[in-house]
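The C-terminal residue of the sequence shown carries number 448 in our numbering, and the numbering is unbroken.
C-beta: ideal position from N, C-alpha, C; glycine also.
Quick caveat, the model's predicted, so the values are computed rather than measured.
To start, the structure under review is shown below, and the notes come after it.
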Amino acid sequence: MTKRHEFIEESRKQWSSEPAFVFSMAAAAVGLGNLWRFPYMVGENGGGAFVVAYLLALVVVVLPIMILEVAAGRLSEGSTVQTFRQVNRFGAIYGWFVVLITMAITSYYLVITGWTLGYAVDAATDDLRVFSEYSAGYNSLWYFLIVTVLAAIILARDVKAIEVFSKMLMPVLLLVMIGLMLFASTTPGWEQTKSFFFDVDWTRLADGRLWAFAFGQAFYTLAIGQGYLVTYGSFIPRKTHVPRACLVVAGTETSVALLAGWMIFPFVFSLGMEPTEGSQLAFVTMPQVFEDMRGGYWVGVLFFALFFMAAFSSSLAGLKVMIAAVAEEFRLSNVAAVSIVTVVMLVLGTASALSFTPLEWTIAGEPVLDVIDRVAGGNVIIFSGVFGAALFCWFIPPQRIRTVLGTESRWWEWRMYLVGRFLPVLVLLWIVVTYALSQLGFG
6 MTKRHEFIEE
16 SRKQWSSEPA
26 FVFSMAAAAV
36 GLGNLWRFPY
46 MVGENGGGAF
56 VVAYLLALVV
66 VVLPIMILEV
76 AAGRLSEGST
86 VQTFRQVNRF
96 GAIYGWFVVL
106 ITMAITSYYL
116 VITGWTLGYA
126 VDAATDDLRV
136 FSEYSAGYNS
146 LWYFLIVTVL
156 AAIILARDVK
166 AIEVFSKMLM
176 PVLLLVMIGL
186 MLFASTTPGW
196 EQTKSFFFDV
206 DWTRLADGRL
216 WAFAFGQAFY
226 TLAIGQGYLV
236 TYGSFIPRKT
246 HVPRACLVVA
256 GTETSVALLA
266 GWMIFPFVFS
276 LGMEPTEGSQ
286 LAFVTMPQVF
296 EDMRGGYWVG
306 VLFFALFFMA
316 AFSSSLAGLK
326 VMIAAVAEEF
336 RLSNVAAVSI
346 VTVVMLVLGT
356 ASALSFTPLE
366 WTIAGEPVLD
376 VIDRVAGGNV
386 IIFSGVFGAA
396 LFCWFIPPQR
406 IRTVLGTESR
416 WWEWRMYLVG
426 RFLPVLVLLW
436 IVVTYALSQL
446 GFG
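Structure follows, in structure tokens:
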């Protein structure tokens, strides 16, 4: 055990400061979940009602779990597997389960990141096409390969490379988004967008499915239950105020998600399109927007460059979860672990990439990518986040977590343990009641 600990210490480099951690974690959380998934989830689930449910889920449940996962990673100073191994002797099994979830999500996430790079290149060469034309060839496969190799090169340089990339990304990302939103406010669809967000149909909050989607999105965008927070938390400097850092990250993530909605929907409504376009909302509508827009070339380049930067930062975070686990569990160098994970991603991601090529790979008639997103990116994440929080709160004494929070206040400790210990019971009760009502003909 001593040799193992020495190996981990020698191979592990910390963030240079708390701001560096915040920038890096924000870049990991802000990604396609905000710019791609959040707008279409809002569009498919009633606009303002979904936003209200999402914000409540984020503040009441998801934020305390986020702080708990980061603190647990800081406490263990190890990978996801190592962290859960320290919680319970059988915890390593669950830790590998989390790594497998991240592996599945990242495999198709890299494909979509490739789409954003492809669209950024097409925008720069003034050749933007709607998604059906873009996916008519093998662009989905080629750009997936390019993105995966590029990520491997950056990750081979370890934490410092992510830190430098994130410091450059976040300010540019926010400035571009604010500029595009201001531009969107001049379009005819702006007033309709305000109604879509602020005219809340409160009766929809009685729909259990709406809450399920809202919680799923909140877990997805803050990377709960995926090992990101545990892994990134393990690199935190000792003096970091964990709740404060997590609040900044969550606030940034929420702001970017809302900005994405206010940036995209004015264009959607201006073109007379439906907000229920689905997962291809941005890739279907935005090329048409930029084609007819004055200065559309430059706006299109900025928009899809933004998409790529955000998606790529989250891809790096997902890959880092796997690399840290492989390196520490098998005592490999960072470069060796990066090589192994890259090969695995190339194999798994190819299936998702080929589902949007002329080969049209499917599972039960549905594109492979969509199936993996629906399964791994939905209820599995919620289960993983809730179960992981329960393990932390039932097996780690509060006083141990308190030592790494970086604050003397008991407020966050109380909230974390209240949510972590009793949320699994409430979820189980909700499942039982929902099933019973459906059997009685009420669901």
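Is the distance from the Cβ of residue i to the Cβ of residue j below 8 Å?
| i | j | result |
| --- | --- | --- |
| V349 | I328 | no |
| L353 | M71 | no |
| L286 | P44 | yes |
| T208 | F274 | no |
| S320 | T118 | yes |
| A330 | V104 | yes |
| T362 | S140 | yes |
| I406 | L80 | yes |
| F26 | T245 | yes |
| S357 | Y113 | yes |
| F202 | G53 | yes |
| P292 | R134 | yes |
| P280 | S190 | no |
| S389 | I106 | yes |
| V306 | A58 | no |
| F55 | L215 | yes |
| T236 | V326 | yes |
| S304 | F427 | What sits at residue 304 in the sequence shown is Val, not Ser. No, the pair does not count as a contact, with Cβ atoms beyond the cut-off. |
| D100 | E333 | The question names Asp, but residue 100 is Gly in the sequence shown. Not closer than 8 Å, so no. |
| L122 | F313 | yes |
| A255 | L431 | no |
Once DSSP output is grouped into helix, strand and coil, what is the label at residue i?
| i | result |
| --- | --- |
| P193 | coil |
| S239 | coil |
| K244 | coil |
| E279 | coil |
| M298 | coil |
| I229 | coil |
| T257 | helix |
| F361 | coil |
| R415 | coil |
| I98 | helix |
| E23 | helix |
| R379 | helix |
| R134 | coil |
| R79 | helix |
| A141 | coil |
Per DSSP, residue i forms a beta bridge with which residues?
| i | result |
| --- | --- |
| E371 | I368 |
In whole angstroms, what is the alpha-carbon distance linking residue i and residue j?
| i | j | result |
| --- | --- | --- |
| D375 | T192 | 32 Å |
| N339 | A322 | 15 Å |
| V289 | R94 | 49 Å |
| R299 | L324 | 39 Å |
| D212 | L150 | 41 Å |
| V92 | W41 | 35 Å |
| W399 | V424 | 11 Å |
| Y102 | V385 | One point to set straight first is that residue 102 is Phe, not Tyr, in the sequence displayed. When rounded, the distance between both Cα atoms is 11 Å. |
| A228 | L433 | 22 Å |
| E196 | W120 | 31 Å |
| E258 | T226 | 8 Å |
| S145 | E365 | 11 Å |
| M182 | R249 | 24 Å |
| L60 | V247 | 21 Å |
| I387 | V253 | 23 Å |
| G232 | D204 | 37 Å |
| V380 | L234 | 21 Å |
| E413 | P403 | 13 Å |
| L178 | S360 | 30 Å |
| T130 | A310 | 13 Å |
| V373 | I110 | 12 Å |
| F308 | G48 | 20 Å |
| S137 | Y143 | 12 Å |
Compute the minimum distance between the beta carbon of residue i and the heavy atoms of the ligand NAP, and state whether it is under 7 Å.
| i | result |
| --- | --- |
| A219 | Although the ligand NAP was asked about, the structure shown includes no ligands whatsoever. |
Within 8 Å of any Cβ in chain B, is that where the Cβ of residue i sits?
| i | result |
| --- | --- |
| A287 | Going by chain labels, chain B is absent from the structure shown, which holds only one protein chain. |
Original post:
Counting Cβ pairs, one atom from each stretch, are 3 or more of them under 8 Å apart for the stretch 292 to 308 and the stretch 209 to 229?
Top reply: no
Subject >> Segment contact flag, the stretch 60 to 79 with the stretch 231 to 246, C-beta cutoff 8 Å, min 3 pairs >> reply: yes
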